[in-house]
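Trainee: Can you keep this structure in mind? I'll have questions shortly.
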Amino acid sequence: MANIFLVPGYWLGAWAWDLVADRLRAAGHEVTAVTLLGLEADRTDVAGIDLAAQTRGLVESITSRGLTDVVLVGHSGGAFAAYETLDRIPDRIARIVYVDSGPVPVGTAQLDVVDPAERARVEAEVAERGDGRYTYAYDPTHDPEALAGLSDADLATLRARSVPQPYAVAASALDVRDPDRLKVPADLITCTFSIEQVDAMISAGHPFFAEFVGAESFHTHALPTGHWPMFSRPADLAALIGDIAG
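Encoded structure:
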């Protein structure tokens, strides 16, 4: 059985993985779901919290326990910290799994790969709030594809428990340098793109999946649903992660 670390995406904490983590533990895996720095439920001050700080925290959570052969799973924007963690300690990571995400080019920030209108919205909200953070409305009328498969109860949970995202994390450029990161097997669980779309995007050099080109071992797995499969298809996501982890 595998030692699996589950990293949530923006606005989320370890709680977002509960339905998946319970199933993986029932299957015999050791599972740790993490809350990245700046996304704690009671956090109000995010000064100094950027991608590097989140990565340091994630690295510490693995190295402080002396863990090796970790299957590191990163969802959405959380994959940035997961990928930097792989870069820092590739000898401790057995496999990295991206859930509806991917490794962008070195030097690229998450805000560099979003729609310009969304970036403008984020920056306007950050300026208005004044606390270095921004929110997401979970509004199916605004973002139906991303929120596909979520029930009213799921949406209510996400709205109630999500916390504002630190802007500095999203504005931080990805910093990876160790070529050994490309030797670690990588898997993509794609939810909002088909495998054919992913293949075409990789061939075209799309930034979402840029670093897959150099990976020595890379596999794509389809799980058609919205961008939050840990809520819309938790049993299927757990089974797929378990199969990948071995």
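According to this note's numbering, the stretch in the sequence shown is residues 57 to 302, in order.
The C-beta atom is built at its ideal place from N, Cα and C for all residues, glycine as well.
1) Check Gly-130 in the structure and name its three-state DSSP category.
2) Thinking Gln-166 and Tyr-190 are a contact (beta carbons under 8 Å), I'd like their distance in whole angstroms, please.
3) Entirely within the region 95-132 and at least 4 residues each: give me those alpha helix (DSSP H) ranges in chain order.
4) Report yes or no: do the region 112-122 and the region 192-212 share at least 3 C-beta pairs separated by less than 8 Å?
5) Using C-beta distances below 6 Å, list every residue in its chain close to Asp-147, excluding the 5 sequence neighbours before and after it, in chain order.
6) Going by DSSP in three states, Arg-217 sits in which element: helix, strand or coil?
7) Taking a contact to mean a Cβ-Cβ separation below 9 Å, would you say Thr-88 touches Leu-68 in this structure?
8) Expressed to the nearest angstrom, what Euclidean distance is found between the alpha-carbon atoms of Gly-163 and Gly-133?
9) Can you give me the Cβ contacts of Ala-97 inside the same chain, cut-off strictly under 7 Å, excluding the 5 residues immediately before and after it?
10) Do Arg-289 and Gly-205 have their C-beta atoms within less than 9 Å of each other?
11) Between which residues of its own chain and His-131 is the CB-CB distance below 6 Å, once the five residues before and five after are set aside?
12) Per DSSP, what kind of secondary structure is Leu-42 in: helix, strand or coil?
13) Applying the 10 Å Cβ sphere with the 16-neighbour rule, what's the burial state of Arg-237?
14) For a test of the three-state rule: what should DSSP assign to Phe-61, helix, strand or coil?
15) Any idea which residues DSSP pairs Pro-222 with across the strands?
Mentor: Inspection of the coordinates gives the following:
1) In the structure shown, Gly-130 adopts extended strand secondary structure according to DSSP, grouped into three states.
2) The pair is not a contact, with the Cβ atoms about 12 Å apart (cut-off 8 Å).
3) List check, alpha helix (DSSP H) in window: 107-119.
4) Of all C-beta pairs linking the region 112-122 to the region 192-212, fewer than three are shorter than 8 Å, placing the two stretches out of contact.
5) The answer is none, since no qualifying residue turns up.
6) DSSP places Arg-217 in the helix class (H, G or I) of the three-state scheme.
7) Not a contact, by the Cβ cut-off of 9 Å.
8) Using only the alpha carbons, I get a separation of about 15 Å.
9) Answer for Ala-97: Gly-69, Val-219, listed in chain order.
10) In contact: Arg-289 and Gly-205 (Cβ atoms closer than 9 Å).
11) The answer, listed in chain order, is Pro-64, Gly-65, Val-155.
12) Because the chain in this structure spans residues 57 to 302, residue 42 falls outside the shown range and cannot be described.
13) Looking at its Cβ environment, which holds 16 or more other Cβ atoms inside 10 Å, Arg-237 is buried.
14) In the structure shown, the three-state DSSP call for Phe-61 is strand.
15) DSSP output for Pro-222 lists Arg-189 as bridge partner(s).
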